[in-house]
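Residue numbers (this note's numbering): 1 to 246. Using N, Cα and C, we set each Cβ at its ideal position, and we do this for glycine too. On a predicted model such as this, the values are computed, not experimentally measured, just so you know.
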Ligand SMILES: [Zn+2]
């Protein structure tokens, strides 16, 4: 992580938060609104979590004015980053925070799902725990509903608690139109073009079961969330020559 001190001297950025979110590796974070940070109510309970809490808060809100040595400065800087992350987890589940994260999601700033059949579905950051120091950030794909490790080591080191276990689910609850259509397509193992017998038998059995369930859901007028099979065939051209789809 670059040193904040050198950045301010260049006068390139004058605000700590600007510097923080524009630092490489911090692309998953959105900018927390100033009025959110300055409302003590939003910071309840964080005092015990962050060393040099008061100085850290002053640094984050650009009002820190103390003389101290480099070592102390480094400590305060570290605390400020931790404090920012903890407040971030709270901010991104507010109306304003959700809107900011939605913009980043739409631009694919959290990356795209690596699964081939998800066709570049954008991901959302999430934590497996809400307590800091337990696990690092993971990425959630709304299409295959699975979790992935971030590609970059800079991102892989971020604490998952800075995003929390609920944010990605709340975003889809608040913006239901953003829920991606589910895909029933999956990889079919083949040897020289012929389906592998055991795998094909299992898949046929599973797909029959799924078909029955989808029918039952349709009868009950429950939205299944699956893309229409035909529509999907047109959308994907991965196996154009495959005419033996079950
Ligand atoms: Zn996916």
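With respect to 8 Å, is the separation between the Cβ of residue i and the closest non-hydrogen atom of ligand 1 below this value?
i           : result
residue 186 : no
residue 195 : no
residue 118 : yes
residue 68  : no
residue 90  : no
residue 81  : no
residue 159 : no
residue 121 : yes
residue 35  : no
residue 221 : no
residue 204 : no
residue 247 : The structure shown does not extend to residue 247, since the chain is modelled only from 1 to 246, so the question has no answer here.
residue 288 : The requested residue 288 is not part of the displayed model; the chain covers only 1 to 246.
residue 115 : yes
residue 30  : no
residue 143 : yes
Give every residue of the same chain whose Cβ lies closer than 8 Å to the Cβ of residue i, excluding the five residues on either side of it in the sequence, and list them in chain order.
i           : result
residue 179 : 142, 172, 225
residue 75  : 51, 52
residue 5   : Below a pLDDT of 50, predicted positions are generally treated as unreliable, and residue 5, at 49, falls in that range; the measurement from the model is reported next regardless. Counting only Cβ-Cβ distances below 8 Å, and skipping sequence neighbours, we find 73.
residue 65  : 58
residue 29  : 20, 21, 84, 85, 88, 162
residue 137 : 28, 125, 126, 127, 150, 155, 156, 158, 159, 160, 162, 163
residue 227 : 181, 182, 183, 184, 235
residue 214 : 224, 226
Skipping 5 residues on each side, what residues in its chain have a beta carbon closer than 7 Å to that of residue i?
i           : result
residue 18  : none
residue 245 : Unreliable placement is indicated for residue 245, whose pLDDT of 41 sits below 50; the coordinate value is still reported in the next sentence. Same-chain partners within the cutoff: there are none.
residue 37  : 60, 61, 87
residue 130 : 161, 164, 165
Ignore the nearest five residues each way along the sequence and tell me which others in residue i's own chain have a CB closer than 6 Å to its CB.
i           : result
residue 12  : Caution applies to residue 12, whose pLDDT of 46 falls short of 50 and renders its modelled position unreliable; the value that the coordinates give is listed next. Closer than 6 Å at Cβ, skipping near neighbours: no residue.
residue 92  : 101, 167
residue 47  : 53
residue 196 : 189
residue 202 : none
residue 198 : none
Would residue i count as contacting chain D if we go by Cβ distances under 9 Å?
i           : result
residue 182 : In summary, chain D is missing from the structure at hand, where a single protein chain is found.
My parser needs the beta strand (DSSP E) runs of 3 or more residues fully inside the region 118-158; what are they? 123-126, 138-141, 146-148
Would you call the region 126-143 in contact with the region 154-174, where contact means no fewer than 3 C-beta pairs closer than 8 Å? yes
Segment contact, 8 Å Cβ cut-off, at least three pairs: the region 145-155 with the region 72-88: no
At which residue ranges does the region 185-229 contain complete alpha helix (DSSP H) runs of 4 or more residues, listed in the order of the chain? 197-219
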